[in-house]
Amino acid sequence: MSIAVRDLVHIYHPGSPLQTKALDGVTFEAERGSWVAVVGHTGSGKSTLAQHLNGLLLPTEGSVSVDDIQVRHGEESLRKVRQKVGLVFQYPEQQLFEETVFKEVSFGPRNWGFQAGRLEKSVEEALELVGIGEDLYEANPFRLSGGQKRRVAIASTLSSDPDYLVMDEPTAGLDSPGRRQLLGLLSDLKKLGKGIIHITHDMELALGLADSILVLDEGKSTLWGPPGVILGELLERDIRGLVIPDLVRFAGRLRDLGFEVPLTWEPKILAEAIGRSHGR
Amino acid sequence: MKFLNNMTLGQYVPVESPVHHLDPRCKIVAVLFCLVGIFMVRGPLGFVMWGLFFLALVGASRIPARLVLSTVKPVWILVAFTAAIHLFFTGGEPVFSWGILEVTREGVVMAARMGLRLMLLIMFAGLLTLTTSPTELADGLESLFSPLRRFGFPAHELAMMMTIALRFIPTLLNETERIMKAQIARGAELERGGPLKRLRAFIPVLVPLFVIVFQRADDLATAMEARNYTGGEGRTRMNPLEWTAGDSAAFVFSLLFSFLAVFLDGRVTLP
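Same order as they appear, the protein sequences are chains A and B. Residue 1 is where the first sequence starts when you use the numbering used here, and the numbers rise one by one after that. Residue 1001 is where the second sequence starts when you use the numbering used here, and the numbers rise one by one after that.
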């Protein structure tokens, strides 16, 4: 059970002066219960890729399949794919429109035809996951704080009970407690068996959280693999717009100086290794 | 899925061409003359002349013909409707009848005339906006209307409002597309059912769009005030408009052409 992307090419406005190749032969796979980070600079094709994963855009060439359902033209298969793959856009709070939080979060499940009973249950579960209490069910979503709005918007995707969750820069514009809370939520969802596809420009975040990382550059998948492998590659070659975390750079420098420390992005591991080399 | 990416009306195509380099004031007034000229021709000769003139202009502007043609797309229903009305409701010598509908010879002529006229009008106006950036257009209008300032006409304010409005069209189209996609991702069906159902289905798009529009307007007003914008009095320009000999030539030519087309058209009567 996975989302499989093979040699995906996407061309915007083909045949017009505005023609641009946004994706150029992207291949990767995201399984349920795993966390895939898609990392790249602005304009690398991350958001275009995200929209392919639930059929908002269709491949110019190559293929995308979700649990063996091909993403292609056709009302029925597209709806099936869209329900399986929840897509949360950047700044999802800008899509809010209902009068109450509860109605907002039930928009998705109602569209998918959830029956009464299952509908309420899925809405309540989604709101509980994001930490919105019953006292806010009847609140006006426009009156909530920024972080609360974001969580309601995410709940409105979770309530459709998708098997995969594609998040486009979910932490953009959040303060640091908000960030931590949201990333914690994604970890919980992964433990519940959902496939997380996390689109971000933040390599440090990706290294720390993802099971696999896809690096996009100019629409091409330049790197694909587990964080450890990606890290080695990153130090070998320079990829435009990707910042190597300070700690990794620091560990690399220590190794150059002859210290026996691992290349890592985790402060704890590095600190322990330095401690050991000093006999502590 | 087709979203909103096939809109060209009011979309500037920045390429290097003699038409692009003309002074916006020249282009605006010349287009006005042409529009009047197109309205005044009735016969085949007049339309052929305007058609050829238009083709020459498109060639000189280096804008792909397909883009120019697509300016008619948003209003083709209006063109077709107008032509149909004239086709079926003009009295005269019948050539064809089908039930209560009767097509007359005069109807065919009128339909062709009105259809061509509308298409030419739209394409001329379209070519103006394809070759003139919104800012240039607003500057041109401001300059053309500035003599009226003496009578309290807010030329600068109107031009500024127009620039801002035009500037926000692509932004709002993008925002609309983004919100539509976000709602479709949540299972909204925007393109199914009858007109009333579709209208209702658009509420989830319209509400967020309004919120964004007001937010943007507010942000923009703050940003303008923060940079000391207080209105037209005493403002200078980054690129002052310059009327060159080329502008005069283009202006005189289009004026003469309009007169010539109308004059010659009057000499050749309809068959």
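Idealized CB from N, CA, C, for every residue including glycine. Since we're looking at a predicted model, the values are computed, not measured.
Assign residue i to one of three DSSP states: helix, strand, or coil.
| i | result |
| --- | --- |
| Gly1246(B) | helix |
| Asp283(A) | Outside the shown range of chain A (1 to 280) lies residue 283(A), about which nothing can therefore be said. |
| Trp224(A) | strand |
| Ile1085(B) | helix |
| Ser277(A) | helix |
| Gly62(A) | strand |
| Ser1017(B) | coil |
| Val261(A) | coil |
| Leu56(A) | coil |
| Pro1240(B) | coil |
| Ser212(A) | strand |
| Ala1188(B) | coil |
| Glu233(A) | helix |
| Ser1146(B) | helix |
| Ile1063(B) | coil |
| Gly1266(B) | helix |
| His1156(B) | helix |
| Pro1195(B) | helix |
| Pro245(A) | coil |
| Phe1202(B) | coil |
| Val130(A) | coil |
| Thr1129(B) | helix |
| Asn1228(B) | coil |
Check the DSSP bridge columns for residue i and list the partner residues they point to.
| i | result |
| --- | --- |
| Glu284(A) | Since the first residue of chain A shown is 1 and the last is 280, residue 284(A) is not available in this structure. |
| Trp1098(B) | Leu1101(B) |
| Trp35(A) | Ile196(A) |
| Thr20(A) | Tyr12(A) |
| Gly40(A) | Leu216(A) |
| Gly86(A) | Leu165(A) |
| Ile69(A) | Val66(A) |
By the 10 Å Cβ neighbour count, where 16 or more other Cβ atoms means buried, how is residue i classified, buried or exposed?
| i | result |
| --- | --- |
| Asn1006(B) | Confidence at Asn1006(B) is low in this model, with a pLDDT of 44, below 50, so the placement of that residue is unreliable and no value is reported for it. |
| Asp1218(B) | exposed |
| Ile1077(B) | exposed |
| Gln1183(B) | buried |
| Val349(A) | A question about residue 349(A) goes unanswered here, because the residues of chain A that appear run from 1 up to 280. |
| Phe1081(B) | exposed |
| Val229(A) | exposed |
| Asn1228(B) | exposed |
| Lys194(A) | buried |
| Asn111(A) | buried |
| Glu1142(B) | buried |
| Ser106(A) | buried |
| Ser1097(B) | exposed |
| Ala1245(B) | exposed |
| Gly45(A) | buried |
| Phe28(A) | buried |
| Leu1055(B) | exposed |
| Ile1179(B) | buried |
| Glu93(A) | buried |
Less than 9 Å between CB atoms is the rule here; does residue i satisfy it with respect to chain E?
| i | result |
| --- | --- |
| Leu8(A) | Absent here is chain E; the protein component of the structure consists of chains A and B. |
request  = Give the residues from the segment 141-163 of chain A that approach chain B closer than 8 Å (Cβ to any Cβ), ordered along the chain.
outcome  = Phe142, Ser156, Thr157 and Ser160
Members of the segment 1170-1188 of chain B near chain A, C-beta cut-off 9 Å = Glu1175, Arg1178, Ile1179, Lys1181, Ala1182, Gln1183, Ile1184, Ala1185, Arg1186, Gly1187 and Ala1188
ask   = Which residues, taken in chain order from the segment 111-137 of chain A, show a beta carbon closer than 8 Å to some beta carbon of chain B?
value = Asn111 and Trp112
Proximal residues, the segment 1060-1082 of chain B versus chain A, C-beta separation under 7 Å = Pro1064
inquiry  = So if I threshold CB-CB distances at 9 Å, which residues from the segment 1245-1270 of chain B count as touching chain A?
reply    = none
ask   = Between the segment 40-68 of chain A and chain B, which residues of the former have a C-beta closer than 9 Å to a C-beta of the latter?
value = Gln51, Asn54, Gly55, Leu56, Leu57 and Leu58
Completely contained beta strand (DSSP E) runs for the segment 150-185 of chain A, where each covers 3 or more residues = 164-168
ask   = For the segment 71-85 of chain A, which residues have a beta carbon sitting closer than 8 Å to at least one beta carbon of chain B?
value = Arg79, Arg82 and Gln83
request  = Entirely within the segment 1022-1056 of chain B and at least 4 residues each: give me those alpha helix (DSSP H) ranges in chain order.
outcome  = 1024-1040
inquiry  = To be precise: take each residue of the segment 1196-1209 of chain B, compare its Cβ to all Cβ atoms of chain A, and keep it if any distance is under 7 Å. Which residues remain?
reply    = Ile1203, Pro1204, Val1207 and Pro1208
key: Length at least 4, wholly inside the segment 80-128 of chain A: the alpha helix (DSSP H) runs in chain order   = 101-111
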